[in-house]
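Residue numbers (the working numbering): 362 to 939.
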């Protein structure tokens, strides 16, 4: 299919969104009505498949906990093929969820569903078509500096592979490698097992091909922030490697070293001198076009909690546009971004009516969060209102809380146009949201930058329910060269932070402030942690199974293991008034 045909098909599905939604649900139930999970809810309904109203009345809303026993049985190979648990389709593997608030990611079953493959194909091809329409391919400059990490694959007791959804094309057969031929790095770098070494080699290969790089891609904005941090700290070594024509001895993987040596093509003294002259200035603003003069775009996800990295990424990018990503979850595709040039605060996604059956649970950011226990379908949403997304997928999730809060901002034809607001609170006991924390950190950053030229690089939070009153703890990491280890600087910092109490409280939302007034929660506690703490947490999470490709630092920690790890790295803690 041509790009024009793909985009026309996507356009057509949005014109009769309600009809496509009912057809999607019907297709799912015709195929899956006999699975064990649905049988218990649909018993007594003779008409098969049931209509949408009956389905929503008979099948309760669900969360991951409702599936975990079934998923664990499948992972252990305890499957009765005559009585499928979640899907009649063949189980191929498991995907890791991208959530990082707990140490170990969830397992998402991936079934061999033709209907899901067709919907996913249209979504991904549509995304690629939109990019090509904006930036038509060039024959002379056609390389992509693509920071891909295949990740280590785990295997369940039942023999099923576990991987990140984004790396499935890499692991699912040689025929899929064709989509990565434009990557400036060789296959051996993508398949490596040491993320820092892979990142270094990706960067080295990208510099070697500097005149032929058309775009830079990474799944999440945090990934590129790490890349440019590596560039700032190791540019001398990168230049030495280009000059010698071989990667540093730190790169211990023989296959990776050999493949990168082949890409370097011998010593490159002139290229090394050019890059060294650029980096010696240590002016990292607009560094992208300085190093890659023909690059036309950077593409990564910058919405939600990743919006915090956008200003820093724009600083590195200079005039090079930072393009947004699409709304694809491990469970299913949700929406497509038709205007990828917009910044995070103006990014909108068109809901894909054939990707899954969608419901929307009204949500409010007030004290209770919940507006109604009843969902509305795609035809019942209202512009300006927030909802939690509920999905029924082709691959075994039924009326499932996806865990995302979106705001409907309008309609594209008859399909809702939504903006991603934040991850949904996990429990009524949570007093702040990711969005509340981002606002508070933005205020912190402005105060610290003006008073002490300090740059916050990462943050997270934890609500300690073991204390009475309970206590919200915020952990902040600052850039290493901004560190204030001298005692007089720490005292100055304490004074500045203590003065932020009331303003920070105002940023943390109605729920927090109501509970503060009631005396149900103590004043906020802010801890400054050692530089590198969140990188170390990332490494620990990856060692515990989190995929490097999808890792995002958690903004709301729900694991005591993570909290214990972070608190061992605290430099100073300041209880705030307010």
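Glycine included, every Cβ here is placed at the ideal spot set by N, Cα and C.
Just to confirm my understanding: we take residue i, look at its own chain, exclude 5 residues before and 5 after, and list those with CB closer than 7 Å. What are they?
{"i": "residue 398", "result": "431, 446, 447, 759"}
{"i": "residue 556", "result": "510, 903, 909"}
{"i": "residue 770", "result": "709, 744, 778, 779, 780"}
{"i": "residue 393", "result": "399, 448, 449"}
{"i": "residue 926", "result": "898, 901"}
{"i": "residue 451", "result": "472, 473"}
{"i": "residue 684", "result": "658, 659, 660, 701, 702"}
{"i": "residue 757", "result": "447, 448, 470, 472"}
{"i": "residue 806", "result": "817"}
{"i": "residue 932", "result": "889, 890, 891"}
{"i": "residue 586", "result": "670, 673, 674"}
With C-beta atoms as the reference, is residue i less than 8 Å away from residue j?
{"i": "residue 389", "j": "residue 753", "result": "yes"}
{"i": "residue 717", "j": "residue 385", "result": "yes"}
{"i": "residue 791", "j": "residue 765", "result": "no"}
{"i": "residue 437", "j": "residue 553", "result": "no"}
{"i": "residue 590", "j": "residue 661", "result": "no"}
{"i": "residue 838", "j": "residue 892", "result": "yes"}
{"i": "residue 854", "j": "residue 822", "result": "no"}
{"i": "residue 569", "j": "residue 652", "result": "no"}
{"i": "residue 629", "j": "residue 604", "result": "yes"}
{"i": "residue 477", "j": "residue 466", "result": "no"}
{"i": "residue 697", "j": "residue 795", "result": "no"}
{"i": "residue 755", "j": "residue 526", "result": "no"}
{"i": "residue 564", "j": "residue 542", "result": "no"}
{"i": "residue 422", "j": "residue 857", "result": "no"}
{"i": "residue 691", "j": "residue 456", "result": "yes"}
{"i": "residue 695", "j": "residue 713", "result": "yes"}
{"i": "residue 573", "j": "residue 633", "result": "no"}
{"i": "residue 715", "j": "residue 381", "result": "yes"}
{"i": "residue 484", "j": "residue 689", "result": "yes"}
{"i": "residue 377", "j": "residue 920", "result": "no"}
{"i": "residue 865", "j": "residue 801", "result": "yes"}
Classify residue i as buried or exposed, calling it buried when 16 or more other Cβ atoms lie within 10 Å of its own Cβ.
{"i": "residue 827", "result": "exposed"}
{"i": "residue 575", "result": "buried"}
{"i": "residue 362", "result": "exposed"}
{"i": "residue 644", "result": "exposed"}
{"i": "residue 834", "result": "buried"}
{"i": "residue 482", "result": "exposed"}
{"i": "residue 907", "result": "buried"}
{"i": "residue 905", "result": "exposed"}
{"i": "residue 567", "result": "buried"}
{"i": "residue 365", "result": "exposed"}
{"i": "residue 592", "result": "buried"}
{"i": "residue 811", "result": "exposed"}
{"i": "residue 879", "result": "exposed"}
{"i": "residue 582", "result": "buried"}
{"i": "residue 404", "result": "exposed"}
{"i": "residue 869", "result": "buried"}
{"i": "residue 686", "result": "buried"}
In the DSSP output, what is residue i paired with across the bridge?
{"i": "residue 780", "result": "768"}
{"i": "residue 762", "result": "751"}
{"i": "residue 832", "result": "825"}
{"i": "residue 581", "result": "662"}
{"i": "residue 454", "result": "471"}
{"i": "residue 819", "result": "838"}
{"i": "residue 773", "result": "776"}
{"i": "residue 918", "result": "823"}
{"i": "residue 505", "result": "544, 576"}
Got a sec? Which residues, its chain only, sit under 8 Å from residue i by beta carbon, not counting five neighbours each side?
{"i": "residue 741", "result": "721"}
{"i": "residue 536", "result": "The pLDDT assigned to residue 536 is 47, lower than 50, so where the model puts this residue is not dependable; a value taken from the coordinates is nonetheless given after this. Cβ neighbours of residue 536 beyond the five flanking positions: none."}
{"i": "residue 649", "result": "577, 656, 659, 677, 678, 679, 681"}
{"i": "residue 516", "result": "522, 523"}
{"i": "residue 895", "result": "818, 819, 821, 838, 914"}
{"i": "residue 391", "result": "409, 410"}
{"i": "residue 419", "result": "402, 403, 406, 411"}
{"i": "residue 562", "result": "546, 550, 553, 608, 612, 617, 621"}
Residues in the same chain with beta-carbon distance under 6 Å from residue i, minus the five sequence neighbours each way, listed in chain order, please.
{"i": "residue 836", "result": "821, 888, 890, 927"}
{"i": "residue 622", "result": "607"}
{"i": "residue 412", "result": "none"}
{"i": "residue 809", "result": "815"}
{"i": "residue 425", "result": "467"}
{"i": "residue 545", "result": "504, 506, 566, 567, 570"}
{"i": "residue 454", "result": "471, 521, 522"}
To test your reading of the DSSP string, which unbroken beta strand (DSSP E) runs of 3 or more residues are found completely within the region 846 to 895? List check, beta strand (DSSP E) in window: 886 to 890.
Let me know the alpha helix (DSSP H) ranges lying completely inside the region 538 to 578, each 4 residues or longer, listed in chain order. Given a length threshold of 4 residues, each whole run of the alpha helix (DSSP H) inside the region 538 to 578 is given here in chain order: 548 to 551, 556 to 569.
Alpha helix (DSSP H) runs contained entirely in the region 637 to 724, provided each spans 4 or more residues: Within the region 637 to 724, the complete alpha helix (DSSP H) runs of at least 4 residues fall at 648 to 652, 671 to 678.
Mind pulling the beta strand (DSSP E) runs of 3 or more residues that sit fully within the region 403 to 449? Whole beta strand (DSSP E) segments, 3+ residues: zero.
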